[in-house]
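One structure is given here, and the rest of the page talks about it.
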Amino acid sequence: MVRLTRGALTVGALSGGFLLGNGASAAPSLLGGKFSEGTFPLCRTYGCRVTERRTTPDGALVRLQLQRQDARVLLVLSPYGTVMGLEAWLPGRTTLSAASRAFLQRVAVQAAEQELSSERLKTCFAGLEGRASGLRSARLLGGGGEHYGVVCLRRAGGWGVRVYFDH
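Numbering-wise (the numbering used here), the sequence shown opens with residue 874 and increments by one.
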């Protein structure tokens, strides 16, 4: 469950969200800029196609299909078109390969502007194995920062990460 509240992204009870500290990222951040299909970093890197654009009372939801990576991305936009949060999903996978984990790690690092080790990501996803069906989530890192939340996600047939501003 994801919704915008007064311009800030909030996440429902299943989120497992938490705060991260500010870090540095060599690539342009995925959060905080205005969304444009031609300039959004994931679209520039992987190519993308907008599959849905829906206006909400607090902004908009935009669904993307990446072209050079079998991944789907959900963007949560503010009323001004600023990317406030995202979910990146790798569909159709019962297990998570090292290459798939590496893609999700790159997305989380670029969005949160925080270094996340591959071992921590692997441990986070391993903790979701064998849990009850439906959406499952776990915190990727402990708190201690000020602006970002990061969650690893699992549901039948897919794995993903959620990264969002947490004001």
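Backbone N, C-alpha and C fix where the C-beta goes; we use that ideal spot for every residue, glycine too.
Every value quoted in this text rests on a predicted model; they were computed, and no experiment measured them.
Contact check for Val-1036 and Leu-959: beta-carbon distance about 6 angstroms, within the 8 angstroms limit, so the pair qualifies. The residue among Gln-940, Thr-924, Thr-928, Arg-927 with its C-alpha nearest the C-alpha of Thr-918 is Gln-940. Apart from sequence neighbours up to five positions away, the residues of its chain that approach Cys-916 with a beta-carbon distance below 6 angstroms are Glu-910, ordered along the chain. In this chain, the alpha helix (DSSP H) harbouring Thr-918 covers 914-919. Along the segment 921-957, the beta strand (DSSP E) occurs as fully enclosed runs of 3 or more residues at 921-929, 932-939, 945-950, listed in sequence order. Note: Phe-1038 is bridge-paired with Tyr-1021 in the DSSP secondary-structure output. Taking 8 angstroms as the cut-off, the Cβ atoms of Gly-1030 and Gly-932 do not count as close. The C-beta distance from Gly-920 to Leu-963 rounds to 16 angstroms, too long to fall under 8 angstroms, and the pair is not in contact. Inclusion of Gln-938 and Arg-927 in the CB contact set at 8 angstroms is not warranted, their separation being larger than that value.
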